[in-house]
Amino acid sequence: MRIEELILISNIDHHQMNGTIYRPDQVKKIVLLIHGMAEHEKRYHELASLLANEGCLVLCPDLRGHGRSPKDGVMGYFGEQDGYFKMVRDLYQLVKKIKETYPVELLVLGHSMGSLFALEFLKRYPKEVSGLLLSGVPVKNSLAPLLNTILKPLAKTKPKEPNLMIQTMMNKTFNKDIKNPTGDLDWVSAKRESREAYLNDPLCGFPFTNAGYLDLFSLMGSVYSKNKWRQSDQNLPIFIFNGQYDSVSNSKQTVEFLHQKGFVNVSSFSYEASRHEIYYDNDKEAVLRDITEVVKNN
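Count along the sequence shown starting at 1, add 102, and that's the number in this note's numbering.
Right under this line is the structure:
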């Protein structure tokens, strides 16, 4: 296996997306690994290495406004107007470029916000995807339409300004079911050392900008919309991975949503000692084992 730099110049606005490619000696399939909100692709090094050792070429981009891919030097910002769609187009451009060299099956693996991007990718480009792996899928936010109404004028006048109010509101919402919380981010992981590592990582936990939050809620609205889901393979294998005490997601609701969209081959895994970040929680080893087995066998 070789670990290489990933660099992609967007066809849309020339934004430079950086990341990592894990290239095995013999490529059997491609895995597009999409990280979550306010984090970065380097946090998935262990998982990507395991998958590469099974013959997967793993693409780990830093999304716009994250990690080594800040948009216009700003974190939590995807770009001007429909930045989330530009992000999806960047991912499609990356996949098409890699498939020119390796015309093999593509699995898309996304965590949290990354799972929404994975679903949006499937919605728009169903013929590209041979399997979907989703962890920590955010449930539909009933306040999203109201928040979008508030954010639209702010995104026009102050698009790159961090919105601390929404960040605080989201943390309080996710933390409310945690018994005896020790801080604002107890919802992230049940392991104190994992929370501390997250807090001490300068590339984690930053607030989104006004435009960034508008894109986040617009992405969520598009994914959960009843419209514009193109015809997909109803037998497409889809796998849901969820911490039992994850206050961001609900695997039962996710499975029901996918069934409503006509997908019949949906499997779910639950981890009874974990919260939202299952890759950094008490069931980490089981999570890595299960995902590796799923990728090997699909």
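Glycine included, every Cβ here is placed at the ideal spot set by N, Cα and C.
Segment limits, alpha helix (DSSP H) that includes residue i
i	result
I342	First-last for I342: 340 to 345, but that is the beta strand (DSSP E), not the alpha helix (DSSP H).
T284	From DSSP, T284 is part of no alpha helix (DSSP H); its letter is neither H nor E.
H361	353 to 362
Y194	185 to 203
L236	First-last for L236: 233 to 237, but that is the beta strand (DSSP E), not the alpha helix (DSSP H).
V389	386 to 398
N250	246 to 259
Collapsed DSSP secondary structure at residue i in the structure displayed
i	result
S320	helix
L135	strand
Y326	coil
G216	helix
L224	helix
Residue i, enclosing beta strand (DSSP E) - first and last residue
i	result
F371	368 to 373
E106	104 to 111
Cα-Cα separation, residue i to residue j
i	j	result
H343	Y373	For clarity, residue 343 is Phe in the given sequence; the question names His instead. Going from the Cα of F343 to the Cα of Y373 covers about 8 Å.
Q80	I111	Any question about residue 80 goes unanswered here, given that the chain covers just 103 to 400.
L316	P261	9 Å
R125	P255	44 Å
T270	L305	18 Å
Y347	K198	37 Å
E387	A375	12 Å
D184	F319	11 Å
E358	S334	17 Å
K131	I252	43 Å
S244	L360	18 Å
P247	Q355	20 Å
V190	V325	12 Å
Identity of the residue in the options nearest residue i by Cα
i	options	result
Q118	A140, R170, Y146, K144	R170
R166	C158, E182, N155, V160	E182
Y381	I136, Y347, V160, L149	L149
E395	I105, L221, F341	F341
K363	L338, L193, P163	L338
F187	R226, S349, L161	R226
V133	H142, I123, L208	L208
S237	S349, L249, W331	S349
Distance between beta carbons of residue j and residue i, contact taken as under 8 Å
i	j	result
P264	T311	6 Å
S214	M139	6 Å
Test: residue i CB closer than 8 Å to a CB of chain E
i	result
D335	This model lacks chain E altogether; it includes just one protein chain.
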